[in-house]
Ligand SMILES: [Zn+2]
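Residue numbers (the numbering used here): 736 to 1152.
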């Protein structure tokens, strides 16, 4: 992006408005913030696409060299341009310059919302009444000065927030527990346990919801053709309910994981767009991506609430890297569940192998310093080379090793030599 075009919240106003200068500035700050994060997210997604494309080119070249059918390496990644964000719901993210929450001295209301108006010295005061559970949640808390006002279905909603500091309970010597995030298993820990899944009930509901949406879309198209003006909505109530159910299941899985490892220091992945896609690819479902992102969010939130230490590490190639010899290859995954190293024949559940890698990446300064996926792969392969030297294994040409695991009696465990 050209720096001249980058969102600037301090720039001169372009549009005329009835808003006061201060509210106008708040609106511009908010718009600039949205534009900035949209650009960052789109750029990250585009970079991930370029990396996918490079991966694909590499796999294709290998396949051609070894005369492997091209359909074995999957489909060439395609870039879909993102839509510009659209403002659908009026929303004011206000700071203390324009909206102030004041505790009410009167007992009728709990707070007053003081909103500045065009008339100087004549603010609008809106009474705020809290439900008893709101009161309980906010008891003895100091509210943050920024507030959010949302208009939904003709009603304004106020969002208040407060910061909570929970002292860290985790001991410095706490065991590192890696947590790998996935679809077949929401979370798999390096202790070898699985928690929750998108499969089973959720997948069935998901399928039903998709069928329902498809029917609805067909009906809409049909009515549109007939010139009907009022069309049934495309938003799906069951879809929203499903999203809620998935998040509930995720929360339950994460809480169980924490209960099982009360003294742990959790190491989990910084789930990027590309790693979400990598995980979703085999399921051929981008739909999982947003739900998948709720898992690390929940790990961060649930551990912070309990004062437990949790850290993110770079996740690139954690599912393709062999935990024993560090050899990185997509072909180390003969299927979604299995990890089988093509060099040392280390075999494990794929998610367990990944969670062990994640646990080891905590405090790995060399890996943290890598600037992109390419550098991470080069580092892991150099570690693999060092491993080979230590174990005196000759260079294995993967082309010769194809189908090696079909004849277990013909091979010996390298680590035993
Ligand atoms: Zn290996």
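Heads up, the beta-carbon is just placed ideally off N, CA and C, and yes, glycines get one too.
Residues in its own chain within less than 6 Å of residue 817 by CB, not counting five upstream and five downstream? Around residue 817: 777.
Only counting the same chain, and skipping five residues up and downstream in sequence, which positions put a Cβ closer than 6 Å to that of residue 1141? Summary for residue 1141: the model assigns pLDDT 43, below 50, so the residue's position carries little reliability, and this model does not support an answer.
Which class does residue 810 belong to by DSSP, given the choice of helix, strand or coil? Residue 810: coil per DSSP, three-state reduction.
May I ask you to check if the CB of residue 1059 is nearer than 7 Å to at least one heavy atom of ligand 1? Yes; taking the cut-off as 7 Å, the Cβ of residue 1059 has a heavy atom of ligand 1 nearer than that.
Say the cut is 7 Å; is the CB of residue 1082 nearer than that to a heavy atom of ligand 1? Incorrect: residue 1082 has no Cβ contact closer than 7 Å to ligand 1.
Nearest residue (CA-CA) to residue 830, options 951, 761 and 856: Comparing Cα-Cα distances from residue 830 to each of 951, 761 and 856, the minimum goes to 761.
Taking 8 Å as the threshold (C-beta atoms), are residue 1001 and residue 1048 in contact? No. Outside cutoff.
Where residue 749 sits in the DSSP three-state scheme: In the structure shown, residue 749 sits in coil (DSSP, three-state: anything other than H, G, I, E or B).
Nearest-angstrom Cα distance between residue 982 and residue 856? Going from the Cα of residue 982 to the Cα of residue 856 covers about 46 Å.
Taking DSSP as the reference, what is the three-state secondary structure of residue 950? Three-state DSSP puts residue 950 in a helix.
Measuring alpha carbon to alpha carbon, tell me which residue in 1122, 886 and 1044 is nearest residue 913. Per the Cα distances, 1044.
Closer than 8 Å is the cut-off here; do at least three beta carbon pairs connect the stretch 835-845 with the stretch 762-775? Flag = no, the stretch 835-845 and the stretch 762-775 do not touch.
Quick one: residues in its chain with C-beta nearer than 6 Å to the C-beta of residue 859, no 5 flanking neighbours on either side, listed in chain order? Closer than 6 Å at the Cβ level, and outside the excluded window around residue 859, lie 850 and 852.
By Cβ distance, which residues of its chain are closer than 7 Å to residue 864, with the 5 residues on each side in sequence left out? These residues qualify, in order along the chain: 844 and 845.
Nearest-angstrom Cα separation, counted from residue 960 out to residue 923: Their Cα atoms are separated by approximately 49 Å.
Nearest to residue 1085 (by Cα), restricted to the options 785, 916 and 814: Here the closest residue by C-alpha is 916.
Taking residue 1050 as the reference, give the member of 1041, 1074, 1092 and 1032 with the closest Cα. Considering only alpha carbons, the answer is 1092.
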